[in-house]
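Chains Y, V and E supply the protein sequences, listed in that same order.
Just so we're aligned: the first sequence equals residues 603 to 890 in our numbering.
Just so we're aligned: the second sequence equals residues 157 to 401 in our numbering.
Just so we're aligned: the third sequence equals residues 130 to 473 in our numbering.
Ideal placement from N, C-alpha and C gives every residue a C-beta, glycine not left out.
For reference, the structure is listed below as structure tokens.
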Amino acid sequence: MSAVLKGGPTLRAGRGRRLRVRASAAVLVAVLAAVLLVPLLFPLDEQAVDMANKLHAPSAAHPFGTDDVGRDVLLRCVYGLRVSLLVGVVAALAATVIGTAVGAAAGAAGGRTDRMVMRVVDVFSSVPHLLLGIFIVAMFRPGVWPVVASVGLTHWLSTARIVRAEMLSLRSRDFVDAAVSGGASRWRVAVRHLLPGVLPQAGLAAVLMVPHAIWHESALSFLGLGLPTHRASLGNMIQSARGTLLAGDWWPTLFPGLFLIIPTLAIASLAGVWRERINPRRRSELML
Amino acid sequence: MTADPHPALELSGITAGYERRAPVLRDVSLTVHGSEAVGLLGPSGCGKSTLAKVAALLHRPYAGTVRLGGEPARGWRHRAPRAQRTAVGVVFQQPRLAADPRLTLAALIAEPLRATGRGREATERVRELADAVGLGGDLLDRRPHEVSDGQLQRACVARALVLRPRVLVCDEMTAMLDASTTAALVTVVEDYRQRSGAALLAVGHDRTLLERWCDRTVELAGAGGGTDGEEVRSAPRAPADTSAG
Amino acid sequence: MSQDTATTDGTRRPLLRVRELTVRFGMRHGRRIAAVSDVSFDLAAGECLALVGESGCGKSVLASALLGLLPANARTDGSALLYGPGQGTGLDLLAADEATLARTVRGRRVGLVPQSPAAHLTPVRTVRSQLAETVRELTGARGRELAAVTRAAAERAAFPVDHLDRYPHQLSGGLAQRAATALALVGDAPLLLADEPTTGLDRDLVERTVDELRAHTDDGRGLLLITHDLAAAERVADRVAVMYAGRVVELADAGDFFGEPGPRHPYARGLLAALPERAFTPIPGMPPELDALPDGCAFAPRCTRASAECARLPAAEEGVACHHPVTGARPAVGRREGSEGSKV
Chain Y
603 MSAVLKGGPT LRAGRGRRLR VRASAAVLVA VLAAVLLVPL LFPLDEQAVD
653 MANKLHAPSA AHPFGTDDVG RDVLLRCVYG LRVSLLVGVV AALAATVIGT
703 AVGAAAGAAG GRTDRMVMRV VDVFSSVPHL LLGIFIVAMF RPGVWPVVAS
753 VGLTHWLSTA RIVRAEMLSL RSRDFVDAAV SGGASRWRVA VRHLLPGVLP
803 QAGLAAVLMV PHAIWHESAL SFLGLGLPTH RASLGNMIQS ARGTLLAGDW
853 WPTLFPGLFL IIPTLAIASL AGVWRERINP RRRSELML
Chain V
157 MTADPHPALE LSGITAGYER RAPVLRDVSL TVHGSEAVGL LGPSGCGKST
207 LAKVAALLHR PYAGTVRLGG EPARGWRHRA PRAQRTAVGV VFQQPRLAAD
257 PRLTLAALIA EPLRATGRGR EATERVRELA DAVGLGGDLL DRRPHEVSDG
307 QLQRACVARA LVLRPRVLVC DEMTAMLDAS TTAALVTVVE DYRQRSGAAL
357 LAVGHDRTLL ERWCDRTVEL AGAGGGTDGE EVRSAPRAPA DTSAG
Chain E
130 MSQDTATTDG TRRPLLRVRE LTVRFGMRHG RRIAAVSDVS FDLAAGECLA
180 LVGESGCGKS VLASALLGLL PANARTDGSA LLYGPGQGTG LDLLAADEAT
230 LARTVRGRRV GLVPQSPAAH LTPVRTVRSQ LAETVRELTG ARGRELAAVT
280 RAAAERAAFP VDHLDRYPHQ LSGGLAQRAA TALALVGDAP LLLADEPTTG
330 LDRDLVERTV DELRAHTDDG RGLLLITHDL AAAERVADRV AVMYAGRVVE
380 LADAGDFFGE PGPRHPYARG LLAALPERAF TPIPGMPPEL DALPDGCAFA
430 PRCTRASAEC ARLPAAEEGV ACHHPVTGAR PAVGRREGSE GSKV
């Protein structure tokens, strides 16, 4: 046994995935640093209008150029992403809490309650959620919170479905029967035995929801229904730059677009890796 | 042993299954007296596990009654009063599925105590039962994925005994286990029955094992074709049996 | 470990020759699990070797090692030579790369009969389509020939041809097992590896399944049957290897082992005595953890014969790795009698 042990055949899942994780993590760290530090380090006014320098192409002074009223596109991108991330994270959390509560209640109760709750979910799902979201923001004055509410109230449906399905599959396991036989109440079975099993799924759903919520916010702003037009948000920026794009000035559209796409891809990619990890079939560390 | 006039477990006219039109059990009756061990034999798919779940008040039959100590079951699953539910201890075939993957073995064994508001007894009872089933060392601090099937099943047996049930239902308890662990767990169950006078319904397909283990065995024939196959050949009925019915 | 039945001088070459096979798992926090240690045995064509032991003794890890299916944190040592026609030196399964194993070994030279056939079969495809796919992969048959070969493959495993168009969930446990066996037999592999093929089956079905496996052995294949079911092993095995805590503690002729004079290793004796048709007495205690094995005999803490000598690892002599093997006439490990038999 003193001989050098030979390596077993290794599974080749490793390298590409590790690269993806590192790149995504780097992007997210950079994004977070930018949105948190730039406003502190460079307390510039992102709304400062400078008509003398309008629509400058990217240069040393303005790396991303300036927009049609001379505002710095880089600075506005950072502020816009800040707002979009805030809206995205808060809205995704709200949607997840609602979805988990509804899904867990339906899944734990089962039977008639479950059927009724899920029909309500179906009805909500049958309305395009952008339409529903527009309806909600239209009831309030433009601002951050109506947008959060609009996204949160329209995006819990899929989480509710995931959580409920997971609860139902756990409910039929023998360990739930054992708990019932051991005198556990409905509440205890739900909270102590079922819910902990679905939380990783719900957490994953929340992370996957963040990019979705960011895009939703941008879509609402693009339609002029989201944040007030002077607030820098990625959707607002793309919307107001539409005219200049036709004149051949690409930078006021391209950079906010990239700021929208790249961080959301990074989040989605990390969430994908997480999903693989919590999938029990892939957790075969050792089979004895 | 106290002379209880009522059988510990009495199943009468049970029709049960997962589809009302095609029940796996039809009109099955079975009586287990206090401190009696009954083996229920049958091929796979004959509904013997379903009958075990009905006996443990975990599955509602379409027809028929279950009596525990002469008292009719007043509901199923959560609708059964806690005292009735916990009067029956259950051990399942696959310990992996029967153990909440997030609980340590100690927490697993203590769970019924905590669920019934008797958490204060947990430390002592867990130690007692761990000794009885032979779980020593740091095994109690481990989670199910860190122990073998045999060790996990020992914990599941301890969990079934923790509330001192009057009836034990063992559904294929040893199907996944080697000979020595099988003998060890049967010994644990028998020791408990000796001390407590509990009744046992052991479900399985291993005739040699159940005939060695139990006072008598009954056979549940296959459900094929809906003939008179589901009749349980039961032992002669005790007089108390008929009066209770 | 010496071999009684298989010669080692090359006159009668075994099908599989395993020497000092060792598997270690590296775990978090520097834990190392000794799943399999120094296992050696030969398996000849037309022979059935039953590898018995309790769950967690390392027997399934051994099977995975032979198929090159260990997870990435496993390290192996020793050799497992698979001999075939025109291969004088044999192919070392432990050293072979994944491409070789996938292309030339699994299914073609080693057929795996899985533990749970229901999980082994794809639920959304019929047995015929799965069987045909394997036949096409392994034999290259096409069209009309493919259909014929597929039917023949089903018949070889006694799978009823009129059930070929059923989905796995429409099959009984026995038929699902036969479908899985049919898949294992397609490549006409000379070595069959059955990993707990009878778990959860009824006694009748267990007997039928192992009898069918035995029939394939009698056709000239070698069968390594991994099981915790001693009755199944007794029914079909030519030889028995008993594993305890990752080591083979006894390798014996099945007739001697289950009949007279009985097992010689105290653990093997205890295991037999625990059977319900024998003394039905458990071996006290539990097996040691595989990450904290003692230096000496791993069974010593549970053994009534243990002495100071047992702190030293016993070498395998005449198939038994024990300092105090049971010798001579069989003591009272009687069928259904006295507790004396449980003393070991």
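Subject >> Residues of its chain near Trp817 of chain Y, where Cβ-Cβ distance is below 8 Å and the 5 sequence neighbours each way are ignored >> reply: Within the first sequence, numbered from 1, the residue matching residue 817 of chain Y stands at position 215. So the qualifying residues of the chain are Leu862, Thr866.
**OP:** Have a look at E:Asn202, E:Ala174, E:Gly236 and flag the residue whose alpha-carbon is nearest the alpha-carbon of Gly159 of chain E.
**Re:** Sequence index remark: in the third sequence, residue 159 of chain E carries index 30 (1-based). Nearest of E:Asn202, E:Ala174, E:Gly236 to Gly159 of chain E, Cα basis: E:Asn202.
**OP:** Give the range of the alpha helix (DSSP H) segment to which Gly845 of chain Y is assigned.
**Re:** Numbered from 1 along the first sequence, position 243 holds the residue referred to as residue 845 of chain Y. Residues 844-848.
Original post:
Could you check where the alpha helix (DSSP H) with Phe381 of chain E kicks off and where it finishes?
Top reply: The sequence position of residue 381 of chain E within the third sequence is 252, counting from 1. Contrary to the premise, residue 381 of chain E reads as Ala rather than Phe in this sequence. That residue, Ala381 of chain E, is in no alpha helix (DSSP H); its beta strand (DSSP E) goes 376-382.
Original post:
Nearest chain V C-beta to Ala873 of chain Y closer than 7 Å, yes or no?
Top reply: Locating residue 873 of chain Y in the first sequence gives position 271, counting from the first residue. Taking Cβ atoms only, chain V never reaches closer than 7 Å to Ala873 of chain Y, which makes this a no.
**OP:** Give me the Cα-Cα distance between Val318 of chain V and Glu346 of chain V, rounded to the nearest whole angstrom.
**Re:** Taking the first residue of the second sequence as 1, we reach residue 318 of chain V at position 162. Taking the first residue of the second sequence as 1, we reach residue 346 of chain V at position 190. Cα to Cα, the separation comes out at about 15 Å.
Subject >> Endpoints, the alpha helix (DSSP H) within which Asp347 of chain V is located >> reply: Start at 1 with the first residue of the second sequence, and residue 347 of chain V comes out as number 191. Per DSSP, Asp347 of chain V belongs to the alpha helix (DSSP H) from 335-352.
Original post:
Under 7 Å between C-beta atoms, does Ser184 of chain E make it to chain V?
Top reply: Within the third sequence, numbered from 1, the residue matching residue 184 of chain E stands at position 55. Chain V, which has a Cβ nearer than 7 Å to the Cβ of Ser184 of chain E, makes this yes.
Subject >> Residues that Thr218 of chain E contacts on chain V, provided the C-beta gap is smaller than 8 Å >> reply: By one-based count along the third sequence, residue 218 of chain E stands at place 89. Think of a sphere of 8 Å around the beta carbon of Thr218 of chain E: no beta carbon from chain V falls inside it, the nearest being about 37 Å out.
Original post:
Does the beta-carbon of Gly837 of chain Y have 16 or more other beta-carbons within 10 angstroms, so that it is buried, or is it exposed?
Top reply: One-based indexing of the first sequence puts residue 837 of chain Y at position 235. Classification for Gly837 of chain Y: buried.
Original post:
Are any of the Cβ atoms in chain Y nearer than 7 Å to that of His361 of chain V?
Top reply: For the purposes of this step, residue 361 of chain V is identified with residue 205 of the second sequence, where counting begins at 1. It does not; no Cβ of chain Y falls within 7 Å.
**OP:** Measure the beta-carbon distance from Val359 of chain V to Leu196 of chain V and round it to whole angstroms, keeping in mind my assumption that it falls under 8 Å.
**Re:** Within the second sequence, the letter at position 203 stands for residue 359 of chain V. Within the second sequence, the letter at position 40 stands for residue 196 of chain V. With a contact defined as Cβ atoms closer than 8 Å, Val359 of chain V and Leu196 of chain V qualify at about 5 Å.
**OP:** Find the nearest neighbour of Val371 of chain E within the set E:Arg407, E:Ala276, E:Gly175, E:Glu183, judged by alpha-carbon distance.
**Re:** Within the third sequence, the letter at position 242 stands for residue 371 of chain E. Nearest to Val371 of chain E by C-alpha distance, out of E:Arg407, E:Ala276, E:Gly175, E:Glu183, is E:Glu183.
Original post:
Expressed to the nearest angstrom, what Euclidean distance is found between the alpha-carbon atoms of Gly380 of chain V and Ser200 of chain V?
Top reply: Indexing the second sequence from 1 puts residue 380 of chain V at position 224. Indexing the second sequence from 1 puts residue 200 of chain V at position 44. Reliability fails at Gly380 of chain V, whose pLDDT of 42 lies under 50, so the model's placement of it is uncertain and no value is given.
**OP:** Take the Cβ of Ala286 of chain V as the centre, count every other Cβ of all protein chains shown within 10 Å, and call the residue buried at 16 or more, exposed below.
**Re:** Counting from one through the second sequence, the residue named residue 286 of chain V turns up at place 130. With 16 or more other Cβ atoms within 10 Å, it is buried.
Original post:
Can you give the beta carbon distance from Pro300 of chain V to Ala255 of chain V, rounded, assuming they're within the 8 Å contact cut?
Top reply: Counting from 1 along the second sequence, the entry for residue 300 of chain V is found at position 144. Counting from 1 along the second sequence, the entry for residue 255 of chain V is found at position 99. Contact between Pro300 of chain V and Ala255 of chain V holds, since their C-beta atoms are separated by about 4 Å, short of 8 Å.
Original post:
Is Val147 of chain E near Ala209 of chain E, with beta carbons less than 7 Å apart?
Top reply: Taking the first residue of the third sequence as 1, we reach residue 147 of chain E at position 18. Taking the first residue of the third sequence as 1, we reach residue 209 of chain E at position 80. The answer is yes: Cβ separation under 7 Å.
**OP:** With DSSP as the reference, please indicate the residues paired to Tyr373 of chain E in a beta bridge.
**Re:** As a working mapping, residue 373 of chain E is identified with position 244 in the third sequence. E:Arg376, per the DSSP bridge assignment.
Original post:
Does the count of Cβ pairs from the region 810-828 of chain Y and the region 679-690 of chain Y closer than 8 Å reach three?
Top reply: yes
**OP:** Give the residues from the region 325-339 of chain E that approach chain V closer than 8 Å (Cβ to any Cβ), ordered along the chain.
**Re:** Thr328, Gly329, Leu330, Asp331, Arg332, Asp333, Leu334
Original post:
Closer than 7 Å, CB to CB, is Gly290 of chain V near chain E or not?
Top reply: As a position in the second sequence, residue 290 of chain V is number 134, starting the count at 1. Cβ-Cβ to chain E under 7 Å: yes for Gly290 of chain V.
Subject >> DSSP-derived helix/strand/coil call for Ser80 of chain E >> reply: Residue numbering for chain E in the displayed model covers 130 to 473; residue 80 of chain E lies beyond these limits and cannot be assessed.
Original post:
Going along chain V in order, which residues have a C-beta closer than 9 Å to the C-beta of Asp779 of chain Y?
Top reply: Counting from one through the first sequence, the residue named residue 779 of chain Y turns up at place 177. Correct list: Lys209, Ala212, Leu214, His215, Arg233, Val246, Phe248, Ala254.
Original post:
What does a CB cutoff of less than 6 Å around Val365 of chain E pick up in its chain, not counting 5 residues either side in sequence?
Top reply: Counting from 1 along the third sequence, the entry for residue 365 of chain E is found at position 236. For Val365 of chain E, where only same-chain residues beyond five positions count, the Cβ hits under 6 Å are Cys177, Val339, Arg343.
**OP:** Compute the beta-carbon to beta-carbon distance between Leu180 of chain E and Leu191 of chain E, rounded to the nearest angstrom, for a pair I have assumed lies under 8 Å.
**Re:** Position 51 of the third sequence, counting from 1, holds the residue named residue 180 of chain E. Position 62 of the third sequence, counting from 1, holds the residue named residue 191 of chain E. Between Leu191 of chain E and Leu180 of chain E the Cβ distance is about 7 Å, and since that is below 8 Å, they are a contact.
**OP:** Would you mind giving the Cβ-Cβ distance between Leu759 of chain Y and Gly701 of chain Y, rounded to the nearest angstrom? I have them listed as a contact below 8 Å.
**Re:** Translated into positions along the first sequence, residue 759 of chain Y becomes position 157. Translated into positions along the first sequence, residue 701 of chain Y becomes position 99. Sure, about 7 Å apart at Cβ, within 8 Å.
**OP:** Note down, in chain order, every chain V residue with its Cβ under 9 Å from the Cβ of Ala403 of chain E.
**Re:** Taking the third sequence and counting its residues from 1, one reaches residue 403 of chain E at position 274. Those within 9 Å of Ala403 of chain E in chain V are Asp334, Ala335, Ser336, Thr337, Thr338, Ala339, Ala340.
Original post:
Which stretch, first to last residue, makes up the beta strand (DSSP E) that contains Ala781 of chain Y?
Top reply: Reading the first sequence from its first residue, position 179 is the one you call residue 781 of chain Y. No beta strand (DSSP E) contains Ala781 of chain Y, which is instead part of the alpha helix (DSSP H) from 776-783.
Original post:
Helix, strand or coil for Val253 of chain E per DSSP?
Top reply: The sequence position of residue 253 of chain E within the third sequence is 124, counting from 1. If DSSP states are grouped into helix, strand and coil, Val253 of chain E belongs with coil.
**OP:** Can you check DSSP and say which residues form a bridge with Glu166 of chain V?
**Re:** Taking the second sequence and counting its residues from 1, one reaches residue 166 of chain V at position 10. In the DSSP output, where bridge partners are listed per residue, Glu166 of chain V has V:Thr187, V:Arg223.
Original post:
Among all the DSSP beta bridges, which residues are the ones paired with Asp327 of chain V?
Top reply: Mapped onto the second sequence, residue 327 of chain V falls at position 171. According to DSSP, Asp327 of chain V bridges with V:Val359.
Subject >> Runs of alpha helix (DSSP H) lying entirely within the region 190-272 of chain E, each at least 4 residues, in chain order >> reply: 246-249, 256-268
Subject >> Supposed close pair Gly712 of chain Y, Arg773 of chain Y - CB separation, criterion 8 Å >> reply: Here residue 712 of chain Y refers to the residue found at position 110 when the first sequence is read from its first residue. Here residue 773 of chain Y refers to the residue found at position 171 when the first sequence is read from its first residue. With a beta-carbon spacing of about 7 Å, Gly712 of chain Y and Arg773 of chain Y fall inside the 8 Å limit used to define contacts.
Original post:
Taking Cβ-Cβ distances shorter than 7 Å, what residues in chain V pair up with Phe409 of chain E?
Top reply: Here residue 409 of chain E refers to the residue found at position 280 of the third sequence. Near Phe409 of chain E (Cβ distances below 7 Å), the residues of chain V are Ala339, Arg368.
Subject >> Min CB distance Gly171 of chain V to chain E below 7 Å >> reply: Within the second sequence, numbered from 1, the residue matching residue 171 of chain V stands at position 15. Per the sequence shown, residue 171 of chain V should be read as Thr rather than Gly. Closer than 7 Å: no.
Original post:
What residues in its chain sit with their C-beta under 6 Å from that of Ala208 of chain V, if we drop five residues either side in the sequence?
Top reply: What you label residue 208 of chain V is simply residue 52 of the second sequence in a count that begins at 1. Counting only Cβ-Cβ distances below 6 Å, and skipping sequence neighbours, we find Val325, Asp327, Val359.
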